[in-house]
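What follows is a short report on a single structure.
Residue numbers (the UniProt record's numbering): 1 to 162.
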C-alpha cells in the first residue's frame, strides 16, 4: 500500500504546525509547552479522515527531516494507537516508498525498539504542561492493522462532506 503524506512538522521541531485545509497554507498552531521535540517527521495522510475528525496522522521515518508542506509517498509499517482529549488519535508509522534504504522495513517488528520507545515517550508526554490536554492509552500494532485503519479512514473521508 502506497499513500501520499503531507508533512506538517519536521523531526526535531518544537513548533506545532498545522495545514489549514481550506487555504492549504501552513500555520503555527503552537509552540510545544514541554521541552520535547518531534521524534520523526509528522503530518497526515491525504484524503483520509481519522476518528478525531481530522486527516489520519502519520509519522514518517526519514534519513533527513523535510519541510512543512512537503508531500512524500509512503508505505505504512505500523501504527501507534492512542487517545487524547479529542478522542482516538492514532498515528500511522510509515517509511518512504521506493527508497531502498527503507526496503527492509516492512512491519513494526523491523523498527528498532528504541525508536518505538522514543516515539511512544514523546506522544504520551508532549502535552503534559498544556492545560486541559492529555494523552491516555498507548499500543503499537503492525502493518495489517495500520492498513485496515487507513482503509477505514479513506472510507470515512469519502462518505464525509470534505
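Using N, Cα and C, we set each Cβ at its ideal position, and we do this for glycine too.
Point to revise | Segment limits, beta strand (DSSP E) that includes residue 6 | key: 3-9
Exercise for review: State buried or exposed for residue 126, treating a residue as buried only when at least 16 other CB atoms are found within 10 Å of its CB.
Suggested key: So residue 126 ends up on the buried side.
Check your understanding: If you follow the beta strand (DSSP E) that residue 119 is part of, which residue opens it and which one closes it?
Key -> Note, residue 119: premise wrong, no beta strand (DSSP E); alpha helix (DSSP H) at 113-125.
Practice item. Return the first residue and the last residue of the beta strand (DSSP E) that residue 136 is part of. Key: 135-142
Check your understanding: Ends of the beta strand (DSSP E) at residue 93?
Key -> 91-96
Exercise for review: Could you name the residues that DSSP lists as bridge partners for residue 18?
Suggested key: BP columns for residue 18 point to 27.
Check your understanding: When the Cβ atoms of the stretch 12-32 are set against those of the stretch 72-88, are three or more pairs found closer than 8 Å?
Key -> no
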